[in-house]
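What follows is one structure encoded as structure tokens, with my remarks underneath.
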Amino acid sequence: MKKEEALQIAPERSKLLCEYITQILMDKETVNGKISIDSYKINNEKMLTFEITVPKRGFERHFNTGITTQQVDILTEQILNDLIDNFMLSETMECSRYYSVKGGYGININGINIINNIESLVNINFRCRGFKFSEQVDNYNRRLDEYLNQQENGPKL
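Here our numbering runs 170 ahead of the position in the sequence shown, where the first position is 1.
What follows is the structure in structure tokens.
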């Protein structure tokens, strides 16, 4: 897959991911969802996938993004930007900072949480990461900090 193709597909896939997050967090009951951005070999090619589960609702989706792992940085950049753009201006949902937890028994989380006002949570785990991932999450956290600083230092009523 060429970079130009990934640049065309990434906004659509990121939008779809944000729509799934919104739908999960609009549930009237408190639910927890998990989304893994992973890769699987499909038709002899490593493709990026979204693995989406909401155990309380028995919901599970495995979505092939149509983007190869060679272009993971393009999809990751789009997702990180869209998370802030879609959820930080919401009155009922917000994004956490990026965090990384390395644990025993193979439990590794490199992710972000999206939380709503009734404490429902969607955890996004970036299992497949590119060469620019560290720089991308630094930029994500910086943008998040700038937004929060604007909110704290904004006009007071």
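Here a beta-carbon is modelled for each residue, glycine too, at the ideal position from N, C-alpha and C.
From what residue to what residue does the alpha helix (DSSP H) around residue i run?
i, result
"Ser184", "173-195"
"Asn256", "242-257"
From which residue to which residue does the beta strand (DSSP E) around residue i run?
i, result
"Val271", "269-272"
"Thr238", "229-238"
"Glu264", "263-265"
"Gly203", "202-212"
When DSSP labels each residue in this structure, what does residue i get in the three-state scheme?
i, result
"Val292", "strand"
"Asn323", "helix"
"Ile277", "coil"
"Thr223", "strand"
"Asn283", "strand"
"Glu199", "coil"
"Asn311", "helix"
Which residue's Cα is closest to the Cα of residue i: the options?
i, options, result
"Arg183", "Glu261, Ser270, Ile244", "Ile244"
"Pro181", "Asp315, Glu247, Arg297", "Glu247"
"Met171", "Thr200, Met217, Ser209", "Met217"
"Leu291", "Asp315, Ser209, Met263", "Met263"
"Gln193", "Lys173, Val224, Gln178", "Val224"
"Val307", "Tyr210, Arg227, Ile249", "Ile249"
"Lys302", "Leu195, Glu215, Thr239", "Thr239"
"Ile205", "Gly281, Glu322, Asn309", "Gly281"
"Cys188", "Val242, Ile284, Ile179", "Ile284"
"Glu289", "Tyr310, Gln241, Met196, Tyr210", "Met196"
Please say whether residue j and residue i have beta carbons closer to each other than 8 angstroms?
i, j, result
"Phe229", "Phe220", "no"
"Arg312", "Ile207", "no"
"Tyr317", "Met258", "yes"
"Ile294", "Gly236", "no"
"Tyr330", "Tyr268", "Outside the shown range of the chain, which is 171 to 327, sits residue 330, and nothing can be said about it."
"Ile254", "Leu314", "yes"
Pair every Cβ in the segment 200-214 with every Cβ in the segment 254-274, then say whether three or more of these pairs are closer than 8 angstroms. no
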